[in-house]
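Going by my numbering, the sequence shown opens with residue 69, and the numbers climb by one from there. Positions of the beta carbon are idealized from the N, C-alpha and C atoms, including for glycine.
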Amino acid sequence: MSPLKLAILSTFTLLFLACGGDQDPAKRFKIELEGNPKVLKRYDKFRVSVVDKEGLPIPDATYSIDGKTLSAENQQLNFDLPYLGNRELQARFDIEGKPVVIRKKIRILADKPPQLYTYEIVNEYPHDIKAFTQGLEFHNDTLYESTGRKGTSLIRKIAYETGEVLQQTDLDNAYFGEGITILGETVYQLSWQKRTGFLYDRNSLKEKGRFQYGKSREGWGLCNDGEKIYKSDGTEKIWILNPNTLEEEDYLQIVTDKSVFNKANELEYVEGKIYANVWQKESMMIVDAESGAIEGVINFGGLKKRVKQHAELDVLNGVAYHPGRKTLFVTGKNWDKLFEVRIKPKE
């Protein structure tokens, strides 16, 4: 340690001990970011320091967010993190061999605004006008659908070209069905507010198990990347579930370059991105599945006008990707049509 650092640390130690070293460290120290920014952007670099109540800097602190140590050079931290959103910056250092941890709440947003997209209709197919659609998913060429509302919630297989129901399992009237996803031989389905999920055999649609939610608030949408399951719950978080235990092991936070966003509903995973219906809106987000950054927004305005208008007509909801056709299939609650669409940048 340099003579200057040693002198600073010695002076600080005397002040710390004189003022009561066993006091709450949060009352004695604070983390300071250069310029005191209100929010940070991914890839930002800021000089950071820990100072005591008297303004003396604390040398040799190490910094981390959610257990990930931040790279630093000359006390300049690089906020190139795997996850964005509302996070906690921690500083750790020792005083006379005693570890001290200081925390600071920060918000890290995307480094650029989302790209805007529109759509073109490839095909239109018949859809059950009584289906309060909550989830769609393809396995090979068969479309699986989950519907909601107590007393009418179900899961079924559909021949998407004709709308013919191939198999169906009804939920108990106590449950309001929500999103679904398929991984291996299992179909996973959520309920809304009962904090219960269902497991079905993919071939027979016979129930083979249930699971309970962890910290997530409710059940909204599901998707998977072939290894992990992603779950939305009506908040800014997309939870990451272990497919074997169904435990919520981590979460993403959905963010733009301006704010944290909390309207993700039905989900679909496509090549590293999560496509998410925006609750109560005729739009869909394209979310980076690693960071939570909203990289694109699809405007589906006008699609609802192409279906039969009736008293029970509700919002756009339901998205499924067909890998063989490289297209998205979308519909809405009590819509009489299923649309096959391609996404294109808005000019």
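Checklist entry - Got a sec? Which residues, its chain only, sit under 8 angstroms from Leu251 by beta carbon, not counting five neighbours each side? => result Asn292, Gly294, Ile297 and Pro311
Checklist entry - So, helix, strand or coil for Arg270, using DSSP? => result coil
Item to check | Short Cβ contact (8 angstroms threshold) for Glu66 with Leu384 | outcome: There is no way to answer for residue 66, as the model of the chain reaches only from 69 to 415.
Checklist entry - Contact check, Leu335 vs Gly289 under 8 angstroms by CB: the rounded distance? => result 4 angstroms
Next on the checklist: From the DSSP secondary-structure annotation, give me the bridge partner or partners of Ile250.
Outcome noted: Val255
Checklist entry - With burial defined as no fewer than 16 other Cβ atoms inside 10 Å of the residue's Cβ, what is the status of Lys405: buried or exposed? => result buried
Checklist entry - Counting along the chain, where does the beta strand (DSSP E) carrying Glu102 start and finish? => result Element bounds for Glu102: n/a, residue is neither H nor E.
Next on the checklist: Judging by CA-CA distance, which residue of Gln202, Glu304, His390 and Glu275 is the nearest neighbour of Gly153?
Outcome noted: Glu304
Checklist entry - So what does DSSP say about Arg278, is it helix, strand or coil? => result strand
Item to check | 6 angstroms Cβ shell around Thr399 - same chain, five flanking residues per side excluded | outcome: His195, Thr201, Gly386 and Leu406
Next on the checklist: Considering only their Cβ atoms, is the gap separating Ser272 from Gly245 smaller than 8 angstroms?
Outcome noted: no
Item to check | Exposure label - Asp301; buried when at least 16 CB within 10 Å | outcome: buried
Checklist entry - Since Thr254 and Leu267 are thought to touch, with beta carbons under 8 angstroms apart, how far apart are those beta carbons, to the nearest angstrom? => result 6 angstroms
Checklist entry - For Glu102, which residues from the same chain have a beta carbon less than 6 angstroms from its beta carbon, with the 5 sequence-adjacent residues on both sides left out? => result Phe114 and Arg115
Next on the checklist: So Arg96 and Asp120 are supposed to be a Cβ contact under 8 angstroms. How far apart are they, rounded?
Outcome noted: 6 angstroms
Checklist entry - Excluding the five sequence neighbours on either side, which residues of its own chain have a C-beta within less than 8 angstroms of the C-beta of Arg263, listed in chain order? => result Gln280, Tyr281, Glu286 and Gly287
Next on the checklist: Report the start-end ranges of each alpha helix (DSSP H) in the stretch 113–153 that is 4 residues or longer and not cut off at the edges.
Outcome noted: none
Item to check | Own chain, CB closer than 8 angstroms to Lys412, minus 5 neighbours either side, in chain order | outcome: Tyr185, Thr186, Tyr187 and Glu188
Next on the checklist: Quick check on the DSSP output: what are the complete alpha helix (DSSP H) runs of length 4 or more inside the stretch 338–382, in order along the chain?
Outcome noted: none
Checklist entry - Near Lys136, what residues of its chain come up, given a Cβ to Cβ distance below 8 angstroms and the 5 sequence neighbours on each side ignored? => result Leu149 and Pro150
Checklist entry - To the nearest angstrom, how far is it from the Cα of Tyr65 to the Cα of Lys394? => result There is simply no residue 65 to check, as the chain begins at 69 and stops at 415 in what is shown.
Next on the checklist: For the beta strand (DSSP E) containing Asp318, name the first residue and the last one.
Outcome noted: Glu316 to Gln321
Checklist entry - Apart from the five residues just before and just after Gly89, which ones in its own chain have a Cβ nearer than 8 angstroms to its Cβ? => result In this prediction, Gly89 has a pLDDT of 48, which is less than 50 and means its spatial position is unreliable; what the coordinates show is noted afterwards. Hits under 8 angstroms: Ile163, Glu164 and Lys166.
Item to check | Minimum C-alpha distance to Gly123 - residue among Glu100, Lys106 and Gln144 | outcome: Glu100
Checklist entry - What whole-angstrom Cβ distance do Val190 and Glu408 have, given they're in contact under 8 angstroms? => result 4 angstroms
Checklist entry - Does DSSP classify Arg410 as helix, strand or coil? => result strand
Next on the checklist: Tell me the rounded alpha-carbon separation between His378 and Leu371.
Outcome noted: 15 angstroms
Item to check | Host beta strand (DSSP E) of Glu213 (start-end) | outcome: Thr210 to Thr215
Checklist entry - Quick one: what's got a C-beta closer than 6 angstroms to Glu317's C-beta in the same chain, skipping five residues either side? => result Ile308 and Asn310
Checklist entry - Of the choices Lys218, Leu211, Thr249 and Gly265, whose alpha-carbon is the least far from that of Phe397? => result Leu211
Item to check | Residue of Arg224, Asn402 and Lys180 minimising C-alpha distance to Asp325 | outcome: Lys180
Checklist entry - Just how far apart, CA to CA, sit Phe161 and Ile133? => result 15 angstroms
Checklist entry - Got a sec? Which residues, its chain only, sit under 7 angstroms from Thr230 by beta carbon, not counting five neighbours each side? => result Pro194
Checklist entry - Taking Cβ to Cβ, would you say Ala242 is nearer than 8 angstroms to Lys218? => result yes
Next on the checklist: Rounded to the nearest angstrom, what separates Trp269 and Lys109 at their Cα positions?
Outcome noted: According to the sequence shown, residue 269 is Asp rather than Trp. Their Cα atoms are separated by approximately 44 angstroms.
Checklist entry - So what does DSSP say about Lys296, is it helix, strand or coil? => result coil
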